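Residue numbers (my numbering): 80 to 625. Right, one structure below, let's go through it.
Here's what the structure looks like:
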């Protein structure tokens with residue numbers, strides 16, 4: 080891929096990110112962070128390129144004798160300049176775990192006179208670390224090693240630009256290659272997500288805490304995890320919603336592990352502090368296991384009246400029904416659960432191990448003279464994304480704050496719908512006009528093809544499939560499906576049937592393919608219940624091998 084990019088593309092992207100943050104968030108940057116940007120700007124071209132190259136690689140240490148970049152004229156001069164500007168350092172306090180990975184296995188065997196070639200790499204590291212002191216290891220290595228500095232400042236710039244730390248400069252590369260171009264939406268600099276330094280520091284801290292939590296859990300020590308949980312429980316209240324959700328996911332993970340360690344009280348307290356599913360579900364299950372039946376069912380009622388999502392709502396009814404029956408209790412609020420008697424068909428085909436069962440099912444339909452397409456979660460969410468494109472990328476205050484977003488920052492929150500309620504209702508109303516609806520979808524497909532959108536997976540869509548689907552699927556059915564999608568965009572955009580089947584004469588049918596031993600997942604069951612209640616043609620096809 081990189082061969083298709085111009086020389087120094089990475090430096091141009093690096094400077095774009097730093098300049099963007101400096102322009103939009105100058106008031107939030109510390110003096111040290113501003114100095115970092117200024118120091119980098121004053122470097123020579125070679126030094127800038129070398130710094131960006133190494134900060135983009137896994138480190139933290141690098142061998143000077145292994146550095147080779149054709150576009151950098153003099154590596155030694157660039158290195159000396161970066162050392163002088165305190166953006167590189169010669170590491171002093173190092174450990175064997177940092178130094179030994181710099182050598183190949185053959186180099187380790189040669190330099191430390193080892194003959195145990197069959198040892199795994201990590202075992203070889205451990206053996207050398209046990210035999211030699213860190214000073215002796217440095218002496219045997221005989222390497223010039225450098226370490227880039229300022230990564231903590233670069234993290235701040237990345238977080239302000241992307242809004243998270245899981246995106247990186249790969250987004251620029253994909254854009255430059257045309258692999259994943261992004262929509263040209265309006266960015267409202269006055270409505271930044273990071274409105275103050277306190278929030279920025281809070282998000283940075285959340286990543287550090289999450290890393291520490293992960294390390295504690297990987298250690299497998301129940302006492303350490305309990306102590307870490309107590310620290311989290313004693314921390315102050317988190318007022319910012321998105322940050323609270325970030326911590327809540329960590330609380331849920333810790334609490335689930337504490338359940339396994341039988342540290343139940345600590346688990347309950349963590350679940351109580353969480354605002355995301357399945358915290359309330361787990362609490363209800365714990366209360367039931369402890370014999371606190373009324374608390375378990377009361378919590379189910381709270382969930383039923385104000386669920387976080389459909390999965391939580393479904394749990395509240397099923398679990399409360401099961402617990403109340405076991406204890407022969409009656410509650411007026413518990414509705415009757417629906418049965419899962421879906422339409423099920425069966426077919427026997429000759430197995431082709433190298434071919435997906437869904438594609439074999441398509442071939443079987445075609446052998447019967449019936450058109451069937453393998454679409455999975457590509458077609459219906461794709462039609463939704465195409466039709467609601469202008470709503471998704473509408474210039475809502477604070478929705479977009481960098482050029483690499485597949486949707487607004489609030490897309491998977493309740494605020495997405497409430498902030499755009501009028502636009503959404505207008506779009507749904509216009510679906511009654513078949514011509515307007517069809518023309519809107521097709522025009523968006525033609526003009527936006529290839530542009531990143533959370534709901535549109537372009538490899539699943541082509542114009543012929545869209546045209547046939549729009550002519551065969553009643554638009555009233557699509558409106559019902561889109562309405563359910565909007566209830567919970569994060570979870571409802573998956574779980575759709577594998578195939579769309581077009582009978583020879585007219586109409587359509589959504590078909591889920593199940594091979595031997597395969598069963599419906601919970602999100603698939605929810606869609607099938609919805610299809611059944613809405614009169615949308617859908618069935619399950621069980622495939623057996625002949």
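Note that the Cβ used here is the ideal one computed from N, Cα and C, for glycine as well. This structure is a prediction, so every number in the text was calculated from the model and none was measured.
Residue i (DSSP reduced to helix, strand or coil)
| i | result |
| --- | --- |
| residue 589 | strand |
| residue 316 | coil |
| residue 180 | helix |
| residue 343 | helix |
| residue 619 | strand |
| residue 450 | strand |
| residue 84 | coil |
| residue 376 | helix |
| residue 434 | coil |
| residue 122 | coil |
| residue 142 | strand |
| residue 423 | strand |
| residue 89 | helix |
| residue 396 | helix |
| residue 383 | helix |
| residue 174 | coil |
| residue 409 | coil |
| residue 279 | helix |
| residue 266 | coil |
| residue 137 | coil |
| residue 527 | helix |
Span separating the alpha-carbon of residue i from that of residue j
| i | j | result |
| --- | --- | --- |
| residue 89 | residue 132 | 8 angstroms |
| residue 272 | residue 378 | 33 angstroms |
| residue 203 | residue 606 | 53 angstroms |
| residue 479 | residue 487 | 6 angstroms |
| residue 190 | residue 220 | 7 angstroms |
| residue 400 | residue 338 | 24 angstroms |
| residue 594 | residue 429 | 12 angstroms |
| residue 99 | residue 448 | 57 angstroms |
| residue 559 | residue 255 | 39 angstroms |
| residue 93 | residue 267 | 22 angstroms |
| residue 280 | residue 231 | 12 angstroms |
| residue 612 | residue 556 | 12 angstroms |
| residue 184 | residue 198 | 10 angstroms |
| residue 537 | residue 389 | 28 angstroms |
| residue 195 | residue 229 | 39 angstroms |
| residue 539 | residue 517 | 18 angstroms |
| residue 375 | residue 587 | 43 angstroms |
| residue 217 | residue 192 | 15 angstroms |
| residue 391 | residue 566 | 13 angstroms |
| residue 236 | residue 173 | 27 angstroms |
| residue 275 | residue 497 | 25 angstroms |
| residue 81 | residue 335 | Note that residue 81 scores a pLDDT of 42, beneath 50, so its modelled location is shaky; the value from the coordinates is reported in the next line. Residue 81 and residue 335: Cα-Cα distance of roughly 43 angstroms. |
| residue 223 | residue 163 | 16 angstroms |
In DSSP terms, what residue i is bridged to
| i | result |
| --- | --- |
| residue 428 | 624 |
| residue 226 | 168 |
| residue 578 | 453, 590 |
Within 7 angstroms, strictly: CB atoms of residue i and residue j
| i | j | result |
| --- | --- | --- |
| residue 333 | residue 289 | no |
| residue 422 | residue 618 | yes |
| residue 601 | residue 554 | no |
| residue 356 | residue 387 | yes |
| residue 417 | residue 410 | no |
| residue 520 | residue 465 | yes |
| residue 506 | residue 463 | no |
| residue 301 | residue 350 | no |
| residue 483 | residue 489 | no |
| residue 152 | residue 125 | yes |
| residue 148 | residue 472 | no |
| residue 353 | residue 331 | yes |
| residue 499 | residue 470 | yes |
| residue 345 | residue 305 | yes |
| residue 579 | residue 454 | yes |
| residue 233 | residue 104 | no |
| residue 551 | residue 581 | yes |
| residue 342 | residue 312 | no |
| residue 225 | residue 141 | yes |
| residue 437 | residue 577 | yes |
| residue 170 | residue 530 | no |
| residue 285 | residue 325 | yes |
| residue 532 | residue 572 | no |
| residue 107 | residue 424 | no |
TODO: Taking only runs that begin and end inside the stretch 183-263, name each unbroken alpha helix (DSSP H) of 4 or more residues, in chain order.
DONE: List check, alpha helix (DSSP H) in window: 184-190, 200-210, 213-220, 230-241, 249-256.
TODO: List in chain order: all unbroken alpha helix (DSSP H) runs of 4+ residues lying wholly within the stretch 462-500.
DONE: Annotation: the stretch 462-500 contains the following complete segments of the alpha helix (DSSP H) (minimum length 4 residues), in chain order: 468-471, 493-498.
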